[in-house]
Structures are given as structure tokens and as C-alpha cells.
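Q: When we follow my numbering, the leftmost residue of the sequence shown carries the number 1041, and every step to the right adds one.
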Amino acid sequence: MLLAPNLVSRTAARAAGAREEAWMLAQPREVRQSYVREVVDRGEDPLHAEIWMLRQSDAVRQSYVREVLEPAVRDGGLGTRG
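1) How is Ser1097 classed by DSSP in three states: helix, strand or coil?
2) Report the residue from Arg1069, Asp1085, Ile1091 whose alpha carbon sits nearest the alpha carbon of Ala1044.
3) Does Met1041 come out as helix, strand or coil in the three-state DSSP assignment?
4) Thinking C-beta only, is Gln1067 closer than 9 Å to Val1100?
5) Quick check: the Cα distance between Val1048 and Gly1116, rounded to an integer number of angstroms?
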């Protein structure tokens, strides 16, 4: 799904169970492709994921904070949808 066209990934985002998954699937294809290249293809090490996130544009990082982290704080943890 991460490499699917935008229409397909955004449809999958609506059905995703975790906020992180939904957020990633809703990102533009170029963002998802870079995640696959820099994180997934390297074995999905959490440090690679953190490096990848820190290298993203302000808009991408801020959307992650707004759509994933802030709702998680309100709801008491990551992984649930709010």
C-alpha cells in the first residue's frame, strides 16, 4: 500500500486501524516512497524511522504531530483512533 497511487493509499488510510498507519497512507506518494526507501528497505529500525521523520519538511512533521501525537496524548496512547 505504501507505494500505491495516492487514490488507493488514501482509501486504505480510512480503513487503517492505527493513527500512524492512517497518517502514512494519507501522505503524498513521494513521502511514502522515501519512507519505504529509507526505513522499510533497511529493516524498519526505529532509529531509521526517527532519522527519516527528522529529515522531513516542516509540513510533514507538523502533520504527524497534529494527526498522530496530539490525539494520542488526548486519548492516552498511540495506536488507537480518536
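Ideal Cβ positions, reconstructed from N, Cα and C, are used throughout, including at glycine.
A: The structure says:
1) Here Ser1097 carries a coil assignment [DSSP, helix/strand/coil].
2) Looking at the Cα atoms, Arg1069 is the closest of the given residues.
3) Met1041 falls in the coil class under three-state DSSP.
4) The Cβ atoms of Val1100 and Gln1067 sit closer than 9 Å to each other.
5) Val1048 and Gly1116: Cα-Cα distance of roughly 30 Å.
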